[in-house]
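Notes follow once the structure below has been shown.
Protein chains: 2
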Amino acid sequence: MKLLGNRSSRAWRNMASALVVVAGVGLVPAAQAETARATPSVTDFKLDNGLEVVVIPDHRAPIVTQMVWYKVGSADEPAGKSGIAHFFEHLMFKGTKKHAAGEFGAKVAEIGGSENAFTSYDYTAYYQTVSPDALGTMMEYEADRMRGLVLTDEVIGPERDVILEERRSRIENNPDALLSEEVDATLYQNHPYRIPVIGWMHEMERLNRIDATAFYDKYYAPNNAVLIVAGDVDPAAVKELAEKTYGKVERGPALPPRVRPQEPEQNTRRTVTLRDERVTVPSFQQSWVVPSYTTSQDGEAEALDLLSEILGGGTRSRLYQELVVKRGIASSAGAGYSGTSLDDTSFTVYGAPRGEATLDEVQSAVDAEIRRIVTDGVSQEELERARTRYLRSMIFARDSAQGLANIYGATLTTGGTVKDIAAWPDRLRAVTAEQVKAVAAKYLDLDRSVTGYLLPPETAQN
Amino acid sequence: MKLLGNRSSRAWRNMASALVVVAGVGLVPAAQAETARATPSVTDFKLDNGLEVVVIPDHRAPIVTQMVWYKVGSADEPAGKSGIAHFFEHLMFKGTKKHAAGEFGAKVAEIGGSENAFTSYDYTAYYQTVSPDALGTMMEYEADRMRGLVLTDEVIGPERDVILEERRSRIENNPDALLSEEVDATLYQNHPYRIPVIGWMHEMERLNRIDATAFYDKYYAPNNAVLIVAGDVDPAAVKELAEKTYGKVERGPALPPRVRPQEPEQNTRRTVTLRDERVTVPSFQQSWVVPSYTTSQDGEAEALDLLSEILGGGTRSRLYQELVVKRGIASSAGAGYSGTSLDDTSFTVYGAPRGEATLDEVQSAVDAEIRRIVTDGVSQEELERARTRYLRSMIFARDSAQGLANIYGATLTTGGTVKDIAAWPDRLRAVTAEQVKAVAAKYLDLDRSVTGYLLPPETAQN
């Protein structure tokens, strides 16, 4: 039961790998010449009750992943009810009218499978990986909890204690996480991406049965979900199973379009500084609000993906080569772009000093690299190398049933389509050096950035 | 038709006087020994339809002010509809079923009266000042537009252009205002006080008839309003008039409690910098989230009012005496506290350098004065002088029918009562030097502050 966030720190410090797979992946090729294995022939259909089903056959191993993605995340929460989306993810593991709490999980364990769930700003997903003969059983259980949960105060109270403890251990005990929360709350002046996925403590404490029931009734329904089945399966058989299980779940209320308050024009340069005695090495992150794959026009999202790769994607990037390898002033430096997002998202650079170097030096050097791209652009050769690296990393990310399912799920719940996934490699190939320079110049303006500083208490800097 | 705000800049630069009267006034004595004139005997009652009526007789001049205060402001707006409260204030001057647009205003002008309206975070108010014999007519018109407005697209469209132009001229053309907006959006991480009263441009552009009608139907009703009549009137006669006019207006829907998302714990020090070529002299403002009269406990709001007075209330304050008079490094320096607020509010200090002094020097000197109070407290003598000054300024503020009406209206629409207003002087008198020191230490922590810098483009500073 994972949280995907915070937004501004998604790429910062290369956080949990699951996060990188899902959030950092962008839109990934469904069919692509570079891959050695057969192109997966994706089947996409809808049940009568509105459930979208995507089947991605992959017969290399006798294993299948079922994922149900709900088109609801923390950015859809009612005002003052932060944390309800993630809280609900926990409640989905409680009992239903048919099955006692823990029965589903015990079944998965019994057959040697694995299961989990995660919540992000735009979606909440549940999955099991099992042997193909157990798929029908998994579908029965997953379909059952789609609308059959029994939500009583006896269930709600203790689980609320669990999420409060989760916030204490993951956020309150972690200066990085505390800083990232306030960076996000500063970066987004109007959009709910400003609010942490796990919720604000004082609001989480008050979440109750009424909130949970309203949330469940509104959002958990076949017409607000996508079922992804990836692995050693036959699409026709999956369709039959899906109709026998999910097909019997009643359609929920019609939902209005997912329109959230959008960002105003930003006019200022902002800083957010956290001094904490638990910090030994200072570091910074700097973020901008930029378009996502869903909101961008004219290939800007693709150009931002490649800008991120060239500037700070791994050890071959400009930032790493210049600051860590050549000058040796930084222990880390990089960039990240979270393109898979329903609304405008963030582009982030980060760094931490090494040895005698100061944080200021590192930040100036990072900034100089950005200015160099803004002024001189990137060479065709560098662009091609980055593009190849980036496409390869995407192929690697999808080289597992679950990786592929993640890509389809995240795309389909943030406004993308199966077609978009198929078209993505060509769109990435079409990006020009001029476009990379243009998005850097257009969006990475220091006077509209938010910089987060994580400092030890004694440091005089900033 | 005024906007009261932005929050963080309420006291900064001593903005419009109306703003100081209403927002800076705190809770003001209804009856007080120091005043030379007779204690006003305030009459407070409710009509059957829920309208609260406050009559404040003042027979010094043949004049009366009628104000209707609605318990709705920009912080009550639906998500994504910023500006609707202020937009609605404009629409209230349009036609009703009974009267054409402009008829009410023409009537006021014809009899030599004046009228206006203003919108803030927690309330929206309309008023006319006329000769007492015209009060009945004013009440008829005001009661008529309480639920009788005719809202058509022909009315909405052109008036939306007016508020968009108002935003352009007041905010977009004013670096001070632009900075203050983003300071507020940074200071409040969760509460709607983060959103400007006038609204974000991109949301204002989309406000339409459906939004306006929903807002009107929900909030404009006798059971969500307070009528204040102050001046040369007799309470019994006012009651009779009110029953004949407002008494006929139908009660609106029952409204839920005004519960807005509250602030989380803040852990960071933040800065917001606007560089603008229209700026010639740099300046700063620094704000903290602090309790209001409505949210504070154990006299903290009263102590914050006196802290503000001692630290930066006018030319006798520590900041002015030290920075402007003695050291001559600042052209302005002061502090402000906006205590009359439904939810937690802000405490602000500000300053601008003079001559060769730098902004850094001024900010350090302001901070040193705060630290001096945190460490050494204030003397009993200084406290008494400040208290006397403050009480006197309040007496002055209420020494007009409209000033008094403002105090009652702002208090009664932000969770206060007539009793609170009467008790306020004694509560202010009870504040000890230890309490002033305690609120400074508790709330004015640099590591939880937001500083706004307004700089010319060339300045290297910050």
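If you're matching them up, the sequences are chains A and B in order. Heads up, the first sequence is in the numbering used here, so the first residue is 806 and it goes up one at a time. Heads up, the second sequence is in the numbering used here, so the first residue is 806 and it goes up one at a time. Every residue gets a Cβ at the ideal spot worked out from N, C-alpha and C, and that includes glycine.
Going by DSSP, phenylalanine 909 of chain B is part of no beta strand (DSSP E) but of the alpha helix (DSSP H) stretching over 908-915. The beta carbon of alanine 1017 of chain A does not come within 8 Å of any beta carbon belonging to chain B, so the residue lies off that interface. Within the stretch 944-977 of chain A, the alpha helix (DSSP H) runs of at least 4 residues that lie entirely inside it are, in chain order, 958-972. Excluding residues up to 5 positions away in sequence, Arg1014 lie with their Cβ nearer than 7 Å to the Cβ of aspartate 958 of chain B in the same chain. DSSP places glutamate 1008 of chain B in the uninterrupted alpha helix (DSSP H) bounded by 1006-1009. Counting the other Cβ atoms within 10 Å of the Cβ of asparagine 1211 of chain A gives 16 or more, which makes it buried. At a cut-off of 8 Å between C-beta atoms, aspartate 1165 of chain B does not count as an interface residue with respect to chain A.
A residue is called buried when at least 16 other Cβ atoms come within 10 angstroms of its Cβ; phenylalanine 893 of chain B meets this threshold and is buried. For the pair glutamine 1091 of chain B and serine 1254 of chain B, the CB atoms are nearer than the 8 Å cut-off. For valine 1038 of chain B, same chain residues with a beta-carbon under 8 Å away, outside a window of 5 residues either side, are Val860, Pro862, Val869, Pro937, Leu940 in chain order. Residue range 1206-1217 is occupied by the alpha helix (DSSP H) that includes asparagine 1211 of chain A.
Chain A places no beta carbon closer than 8 Å to that of glutamate 1082 of chain B, leaving this residue out of the contacts.
Our two residues, aspartate 1165 of chain B and alanine 1245 of chain A, have alpha carbons roughly 32 Å apart in a direct line. For methionine 1199 of chain A, the enclosing alpha helix (DSSP H) has its first and last residue at 1185-1202.
It is roughly 12 Å from the alpha-carbon of lysine 1224 of chain A to the alpha-carbon of threonine 848 of chain A. The criterion of a C-beta distance shorter than 8 Å is not satisfied by leucine 1012 of chain B and glycine 885 of chain B. In the three-state reduction of the DSSP assignment, arginine 1075 of chain A falls in the strand class. In the DSSP assignment, tyrosine 1021 of chain B falls outside any beta strand (DSSP E) and lies within the alpha helix (DSSP H) extending over 1014-1024. If you compare the alpha carbons of A/Thr1018, A/Pro963, A/Gly962, A/Glu1068 with that of arginine 999 of chain A, the shortest gap goes to A/Glu1068. Between the alpha carbons of valine 967 of chain B and alanine 890 of chain B lies a gap of roughly 14 Å. Assigned with DSSP and collapsed to three states, alanine 1041 of chain B falls in helix. A contact between stretches requires three or more CB pairs, one per stretch, nearer than 8 Å, and the stretch 1082-1097 of chain B fails this requirement with the stretch 1042-1053 of chain B. When the five nearest sequence neighbours on each side are left out, the beta carbons in the same chain lying within less than 6 Å of the beta carbon of alanine 1170 of chain A are those of Leu1128, in order along the chain. A Cβ-Cβ contact shorter than 8 Å links tryptophan 874 of chain A with threonine 1218 of chain A.
For lysine 851 of chain A, the enclosing beta strand (DSSP E) stretches over residues 848-851. In the assembly as shown, glutamate 1105 of chain A is a buried residue. Its beta-carbon has 16 or more other beta-carbons within 10 Å. Between glutamate 971 of chain B and chain A, the shortest Cβ-Cβ separation is not below 8 Å. Contacts with chain B at 8 Å (Cβ-Cβ) include threonine 1078 of chain A. For aspartate 1149 of chain B, no CB of chain A lies under 8 Å from its own CB, so it is not counted at the interface with that chain.
With respect to the 8 Å criterion, glycine 855 of chain B and proline 1027 of chain B are classified as neighbours on the basis of their beta carbons. Annotated three-state conformation of valine 1167 of chain B is helix, per DSSP. In this structure, DSSP gives leucine 1249 of chain B a state outside helix and strand, which the three-state scheme calls coil.
Beta-bridge pairing by DSSP links asparagine 921 of chain B to B/Tyr932. Rounded to whole angstroms, the gap between the alpha carbons of lysine 899 of chain B and arginine 1132 of chain B is 54 Å. Residue-level contact by beta carbon holds for arginine 1075 of chain B and chain A, with a gap shorter than 8 Å.
In the three-state scheme derived from DSSP, where H, G and I count as helix and E and B as strand, lysine 807 of chain B is classed as strand.
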